[in-house]
Amino acid sequence: MCGINGFFNRENASELTLRALNILADRGKDGAGAAGNGWVEYENIPEKLHLPHESNIIGHTLHSMVNFTRQPLVYEGIFASNCEIYNWKELTENFHIDASNDSDMLVKLIEKRLHDGNVNTNESAAVMQNISETLEMLRGVYAFVYWREGVVYIARDIIGLKPLWYSLLEGFAFSSEKKALKATGYTDIKELNPREIISYDIKSGTVNRYTRNFFSIAPQHEGTFEQIVEQVQHLLENAVTIRFPDEPFGILFSGGLDSTILAYMCKKLGKIPGKDFKCYSAGLKDVQNPPDIEYARKVAEILGLELVVYQIGLEQVEEYLKTVVPLVEDTNVPKVGVALTMYTACKAAKEDGIRVMFSGSGADELFAGYDRHKRSTDISRDCYADILKIYEKNTYRDDVVSMYNNIEIRVPYLDKKFVEYGLRIPPQFKINDTENKLILRKVGERLGIPAEFTKRKKQAAQYGSRFDKAIDKLTRRAGYETKTDYLKQFYDYPNLKLGVLFSSGKDSNYAMYIMQQQNYAIECLITIKSINPDSYMFHTPNIGLAQLQAEAMGIPLIEQITQGEKESELEDLKKAILRAKQEFGIEGVVTGALYSNYQRERIERICDELGLKVFSPLWHIDQEKEMRQLLALGFRFIFSSVAAYGLNNKWVGRMITENDIERLVKLNEKIGLNIAGEGGEFESFVLDAPMYKKKIEIREFEVIELDEYTAKVAITDAVLVDKAEE
């Protein structure tokens, strides 16, 4: 893989390009290049480039895997990419293109199709549509820039395995890594949505966007379980085969189902020269071996795999964290734990001269492999949402960690054809009451992997490697209160600026608290006041008091009135979120959704259109666990309304206690009542929480009883008081 960047309509573009290329140097050690209007220059390293003083420049660092071809490439337009196109030779034959490698093929294919389609290249929308249609033909991963006739186009693969960030704050800038834009003075930096192609007109400074089609979950595949298993195995074997490099490679290996299937497939499919590989496992050197290393050794011995185990002690963990945390630009504890595991394994592989590694990433998202999937009400939609958003959670972390070690990650489970098929598999073939990833486990059995390994339950990498335990030990040893606080010393920046969809109830408050604890900056609250008390989307009881809660936290509040009409109320939500983006520079939105696909899908669609990320930290949380955690953390709340058999007017207007949760648990066992009120059984109002600087005191309220099981409280007088007051 490689690194790309560009700066347009900036007087010091040459200086910025060189600075960014030096940041990206680890992404490509085989050469550096830059190009502008009428010129191109290549050198071995960025420091040797002597760029003319111009305001529009593209830069590139080269990690050469297929034929040494320097970039940027200059034909009718200027092109630079970070790509691995696995079917590039097939496309060169089909379109009669003479190309030296995949990047060369891609730019020539784009230009050929522009000619063959008689596309008016002065119309950026037509060019973007043509590029989008061209990209549909590719099997692989990519991020690229194409500059012709005064317009710059950027795009990335549809799942988002190859990163691309951009800013429109001053002119137009983009880079493979966010930190390269930060280092050149940019603050308003966005990650390119993989479903978008962006064009920037240099002369006018105008930006246009083209939306690409994503995958679908319908119609579901017909056929028996065995027939679909056979097809899954066939597609996965194909995805693995086309990713074989022409040199020895590595596999990130935990001994879990996903990596074991990949490793055994590679062994069975790769019995030809140049397809040698080793498995790499990493973990903490402690009194007991980490479970992933124990399993990896056992699997490797029985299946005849060559295994390299790399374990590090506590002191070395801290040294690695000094590199890993700034690399991933995040202090999210689970993300750092996984990154540390991958970094350690990649470091071992690098010492062996490995430049390509296979990863099992994506299998859990595609085949319902997480614990939260057991509580899902719609497996197909949840798997779809997981794949849709995987670029926001995993792929950037994996890319920067591997590329720092000059290693390219290849991910067969996220092959386009494999994902397209996997999302339409009937949910009952993915998960049942006792087991997940059913179809993938069956593939393992068909390959001849013993049941002891195909039946192994998932353990997240940070726990299986024991690196989470190491971070915990280091946190306590250094005297920090939380692991996030400990990690902040290595990267003392908020992860992202967020707005919270705020209802005044327990879920939106708790979701915000979780994101704050993970070092995200909460810039504003966003409240929708619905005139319709029966809104499909929005909480309505006492919503006017959200302003008082905002004051208690010292966080600005955006309020938006809606008539509360189904679907049309979403336009009002979009207006409010857009205001938050424009006024407070938010980069994402926090939602307190637990199980409502109706709400989550609509919020995600709006945020997708606005280029914002969505965080739902409570999604599929155990409802009893949530209620108990709230009280344990110091949240104090009342039920502002009830509407369910088993509840009555005595539940509203008073503080909820542990005894109340016990009663809700019994009602759940007896009649199936949702303990956290997710079925609309009750609404809540928060009076105090850990992030409140003052608490709310209700001085007057009225209980309105509608029938035996339905009641609500109207708060008529409430004030803020110091927490020290009783």
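Here the working numbering is used: the first residue of the sequence shown is 20, the next is one more, and so on. Glycine included, C-beta positions come from ideal geometry on N, C-alpha and C.
Spatial neighbours of residue i in its chain, beta-carbon cut-off 6 Å, leaving aside the 5 residues before and after
| i | result |
| --- | --- |
| Trp166 | Gly96, Ile97 |
| Thr729 | Ala662 |
| Glu464 | Thr473 |
Buried versus exposed, by CB contacts within 10 Å (16 or more), residue i
| i | result |
| --- | --- |
| His82 | buried |
| His392 | buried |
| Lys731 | buried |
| Val357 | buried |
| Gln537 | buried |
| Phe87 | exposed |
| Thr414 | buried |
| Asp207 | exposed |
| Ser195 | buried |
| Tyr94 | exposed |
| Met674 | exposed |
| Arg416 | buried |
| Glu130 | buried |
| Pro446 | buried |
| Thr453 | exposed |
Residue i - DSSP class collapsed to helix/strand/coil
| i | result |
| --- | --- |
| Glu745 | Residue placement at Glu745 is flagged as unreliable, the pLDDT there being 45, under the threshold of 50; the coordinate-derived value follows with that caveat. Of the three classes helix, strand and coil, the one that applies to Glu745 here is coil, per DSSP. |
| Thr546 | strand |
| Asn538 | coil |
| Phe386 | coil |
| Ser122 | helix |
| Leu683 | helix |
| Phe114 | coil |
| Gln250 | helix |
| His639 | coil |
| Thr581 | strand |
| Lys412 | helix |
| Gly483 | helix |
| Tyr664 | coil |
| Glu95 | coil |
| Cys21 | coil |
Contacts around residue i, its chain only, beta-carbon distance under 7 Å, and the 5 residues preceding and following it disregarded
| i | result |
| --- | --- |
| Gln535 | Ile541, Met710 |
| Leu37 | Pro65, Leu68, Leu70 |
| Ser2 | Lying before the first or after the last residue shown, residue 2 is absent from the chain, which here runs from 20 to 745. |
| Gly332 | Lys304 |
| Lys712 | Ala571, Met572, Gly573 |
| Leu457 | Phe448, Lys449, Ile450, Asn451 |
Rounded separation between residue i and residue j - CA only
| i | j | result |
| --- | --- | --- |
| Asp265 | Phe244 | 35 Å |
| Thr610 | Leu739 | 25 Å |
| Lys600 | Glu623 | 15 Å |
| Leu183 | Asp176 | 10 Å |
| Ala662 | Thr473 | 45 Å |
| Phe509 | Asn455 | 37 Å |
| Met556 | Glu427 | With a pLDDT of only 49 at Met556, under 50, the local geometry of the prediction cannot be trusted, and the value read off the model is given with reservation. So the two alpha carbons sit approximately 43 Å from each other. |
| Val748 | Phe634 | For residue 748 there is no data in the structure shown, the boundaries of the chain being 20 and 745. |
| Ser587 | Ser549 | 12 Å |
| Ser218 | Val146 | 9 Å |
| Phe233 | Arg214 | 7 Å |
| Met572 | Ile723 | 29 Å |
| His72 | Ile216 | 29 Å |
| Tyr482 | Lys488 | 7 Å |
| Glu745 | Gly698 | The predicted position of Glu745 is uncertain, since its pLDDT is 45 and thus under 50; no value can be drawn from it. |
| Pro91 | Ala54 | 6 Å |
| Thr735 | Asp641 | 34 Å |
| Gly381 | Asn351 | 20 Å |
| Asp397 | Phe701 | 23 Å |
| Pro292 | Phe263 | At Pro292 the pLDDT is 49, less than 50, meaning the model places this residue with poor confidence; the figure from the coordinates comes in the next sentence. Computed Cα separation, rounded: 11 Å. |
| Leu629 | Lys669 | 43 Å |
| Lys408 | Lys287 | 33 Å |
| Asn424 | Asn687 | 51 Å |
| Leu466 | Gly498 | 49 Å |
| Phe720 | Gly672 | 8 Å |
| Ala111 | Arg158 | The sequence given here has Thr at residue 111, not Ala. Rounded to the nearest angstrom, the two C-alpha atoms are 13 Å apart. |
| Asn31 | Asn56 | 15 Å |
| Glu313 | Asp277 | 16 Å |
Nearest-angstrom beta carbon gap, residue j and residue i [assumed within contact, 8 Å]
| i | j | result |
| --- | --- | --- |
| Ile247 | Ile444 | 6 Å |
| Ile715 | Gln568 | 7 Å |
| Ile373 | Gly269 | 4 Å |
CB contact check: residue i to chain C, cutoff 9 Å
| i | result |
| --- | --- |
| Gly323 | Although the question refers to chain C, the structure presented lacks it and comprises just one protein chain. |
Neighbourhood of residue i by C-beta distance below 8 Å, restricted to the same chain and skipping five residues each side
| i | result |
| --- | --- |
| Val684 | Glu643, Ile694 |
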